[in-house]
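Numbering (this note's numbering), first residue to last: 123 to 473.
The beta-carbon is built from N, C-alpha and C at its ideal position, and this holds for glycine as well.
Following: one structure in structure tokens, then a few remarks.
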Amino acid sequence: MYSPEENTQWRKPVNRMSVGFFPTPLHRLNKLSEMTGYNLYLKRDDLSGFNAYGGNKIRKLEYLLGDAAAKGCDTVITYGATQSNHAMETISAARRAGLYPIVYLISLVTPDENDLRGNLLLDTLFDAEIHIVSPDGETMAQATERAHILAEKRIAQLEQEGHKCYDIPTGGATEVGSVGYITGYCELMDQMDALGEKPDYLFTATGTGGTLAGLTAGKCLRGDNVAIVGIQVSPKTDEYGDHVAEIANGALSCIGRNDIRVSTKDFQYTPLYFGAGYEIPFEEANETIRRLAKYEGVLMDTVYTGKGFNGMLRYLEEKNVPKGSTVVFLHTGGTTALFAEKEILGDLIQF
Ligand SMILES: *Cc1c(COP(=O)(O)O)cnc(C)c1O
């Protein structure tokens with residue numbers, strides 16, 4: 123349950139539970155590199171998990187569930203949309219760890235009870251305790267707030283029955299969770315080193331910001347100067363950058379490195395490439411998903427990685443990043459969305 127990191131840069135061990143397969147593969151995108159003139163690599167965190175779909179939340183969950191177990195919890199609770207990858211990955215990892223999973227899911231897209239799709243189908247197969255919260259004219263944030271109030275009641279009830287609950291916020295975006303991406307970043311750089319490559323850029327789709335925070339903490343820990351860019355998949359408030367830096371610093375503190383501090387200058391994030399909004403299909407990103415499928419045999423999703431990868435290509439072009447630059451895209455998973463509701467896919471299939 124408790125494994126001190128081998129990495130000598132860590133000054134404090136952190137509780138960790140093994141719920142994934144690491145290291146994940148890293149490979150070059152040969153055709154896309156030829157087509158775009160960039161030296162493109164893909165880090166396959168979509169292949170991280172015990173279930174067939176993996177994703178970036180697994181790295182966070184190794185530390186979150188490690189923390190839960192250390193605190194003697196037997197139940198985990200989390201939040202997301204009905205097609206949330208985070209919720210599905212939490213449920214799957216909790217089942218692997220022998221913890222009881224409870225999720226509060228906001229139905230941004232109304233699921234059809236008689237034709238469950240994508241992650242909601244999997245959540246049901248894993249036999250999680252599922253509470254659907256329909257946003258009644260509320261935003262995702264407002265509905266999530268209401269879900270937290272409902273969850274508090276359920277937690278009180280469970281604790282009265284003698285259970286101990288571990289509450290994980292949306293996306294697992296906490297300092298403990300982000301320790302997973304300090305590890306993830308270091309793993310990636312070791313793999314690039316072994317290939318004799320040095321990345322100029324590292325891109326990821328960014329939502330709750332925990333992944334971006336952990337990657338940046340890893341970069342500051344190693345003292346690298348790779349440009350880390352988060353492609354937003356939804357609108358963010360002005361505090362987003364500070365929020366990401368705060369999680370990054372919290373993660374560094376978790377590993378005993380209060381001496382290293384992240385500032386908002388250590389990473390970038392851009393709202394320019396998500397189209398109309400979260401879970402709303404973006405035809406330009408769909409075109410990129412088709413291109414990756416056709417030329418690389420790689421699958422990406424319409425909510426996160428398709429928008430992220432497409433945003434990356436546009437960023438490289440628009441910022442006149444020199445051709446030949448070495449660029450890594452972190453594949454954060456999410457491909458279960460390919461089997462989700464049509465509202466989430468848009469006109470993806472049109473060969
Ligand atoms: C959650 C998620 C992200 C965003 O990660 P954050 O840490 O929440 O920013 C990106 N891609 C996929 C597929 C995800 O499920």
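Fill in: Endpoints, alpha helix (DSSP H) assigned at residue 196
Taking the first residue of the sequence shown as position 1, residue 196 is located at position 74. Segment: none, residue 196 is in no alpha helix (DSSP H) and carries neither H nor E.
Worksheet item: For ligand 1, is there a heavy atom less than 7 angstroms away from the beta-carbon of residue 165?
Response: Working through the sequence shown from its first residue, we reach residue 165 at position 43. No, the Cβ of residue 165 stays beyond 7 angstroms of every heavy atom of ligand 1.
Worksheet item: What separation, rounded to the nearest whole angstrom, lies between the Cα atoms of residue 287 and residue 219?
Response: Counted from its first residue, the sequence shown places residue 287 at position 165. Counted from its first residue, the sequence shown places residue 219 at position 97. Cα-Cα distance, rounded: 14 angstroms.
Practice prompt. In the DSSP assignment, find the unbroken alpha helix (DSSP H) run with residue 347 in it and report its ends.
Written response: Within the sequence shown, the letter at position 225 stands for residue 347. Residue 347: not part of any alpha helix (DSSP H); DSSP gives it neither H nor E.
Worksheet item: Exposed or buried, what is residue 136 when buried is set at 16 or more other beta-carbons lying within 10 Å of its beta-carbon?
Response: Looking up residue 136 in the sequence shown gives position 14. Residue 136 should be labelled buried.
Item to complete: Could you pull out every residue in the same chain whose Cβ sits closer than 8 angstroms to the Cβ of residue 277, ignoring the five residues on either side in sequence?
Response: To locate residue 277, count along the sequence shown from 1; it is residue 155. Within the same chain, residue 277 has close Cβ partners 199, 287, 289.
Discussion item. Between 437, 404, 221, 440, which has its C-alpha nearest residue 464's C-alpha?
Written reply: The residue labelled residue 464 in the question sits at position 342 within the sequence shown. It is 404 whose Cα lies nearest to the Cα of residue 464.
Worksheet item: For residue 434, does the count of other Cβ atoms within 10 angstroms reach 16, so buried, or fall short, so exposed?
Response: Residue numbering aside, residue 434 sits at position 312 when the sequence shown is read from its first letter. Its Cβ being crowded by 16 or more others within 10 Å, residue 434 is buried.
Worksheet entry | residue 334 Cβ short of 7 angstroms to ligand 1 heavy atom set | As a working mapping, residue 334 is identified with position 212 in the sequence shown. Yes, the Cβ of residue 334 comes within 7 angstroms of a heavy atom of ligand 1.
Worksheet item: Do three or more CB pairs link the region 147-163 to the region 187-202 at distances below 8 angstroms?
Response: Segments in contact, no.
Worksheet item: Which residue's Cα is closest to the Cα of residue 272: 262, 317, 214, 253?
Response: Within the sequence shown, the letter at position 150 stands for residue 272. Residue 253 is the option with its Cα nearest to residue 272.
Item to complete: Specify the secondary structure class of residue 253 as computed by DSSP and reduced to three states.
Response: Reading the sequence shown from its first residue, position 131 is the one you call residue 253. Strand.
Worksheet item: According to DSSP, what are the bridge partners of residue 149?
Response: By 1-based counting over the sequence shown, the position of residue 149 is 27. Looking at the DSSP output, residue 149 sits in a beta bridge with 164.
Worksheet item: Hey, quick one: how far does the alpha helix (DSSP H) through residue 271 stretch, first residue to last?
Response: For the purposes of this step, residue 271 is taken as residue 149 along the sequence shown, with counting starting at 1. Start and end: 262-282.
Worksheet item: Under a Cβ-count criterion, where at least 16 other Cβ atoms within 10 Å of its own Cβ denotes burial, should residue 327 be classed as buried or exposed?
Response: Mapped onto the sequence shown, residue 327 falls at position 205. By the neighbour-count rule (16 or more Cβ atoms within 10 Å), residue 327 is buried.
Worksheet item: Going by beta carbon distance, what residues of the same chain come within less than 8 angstroms of residue 374, once the five residues before and after it are set aside?
Response: Taking the first residue of the sequence shown as 1, we reach residue 374 at position 252. Excluding residues within five positions, the ones whose Cβ falls inside 8 angstroms are 304, 339, 342, 343, 380, 382, 383, 384.
Worksheet item: Any heavy atom of ligand 1 within a distance shorter than 7 angstroms of the CB on residue 349?
Response: Position 227 of the sequence shown holds residue 349. Flag unset: Cβ of residue 349 not near ligand 1.
Fill in: Neighbour-count burial assignment, residue 123, 16 or more Cβ in a 10 Å radius
What you label residue 123 is simply residue 1 of the sequence shown in a count that begins at 1. Because the pLDDT of residue 123 is 32, which lies under 50, any placement of that residue in the model is unreliable, and the question is left without a value.
Fill in: Assigned secondary structure, residue 462 (DSSP; H/G/I helix, E/B strand, else coil)
For the purposes of this step, residue 462 is identified with residue 340 of the sequence shown, where counting begins at 1. In the three-state DSSP reduction, residue 462 falls in the coil class, being neither helix nor strand.
Practice prompt. Consider the C-beta atom of residue 371 and the heavy atoms of ligand 1; say whether any pair is separated by less than 7 angstroms.
Written response: Mapped onto the sequence shown, residue 371 falls at position 249. Outside the cutoff, so no.
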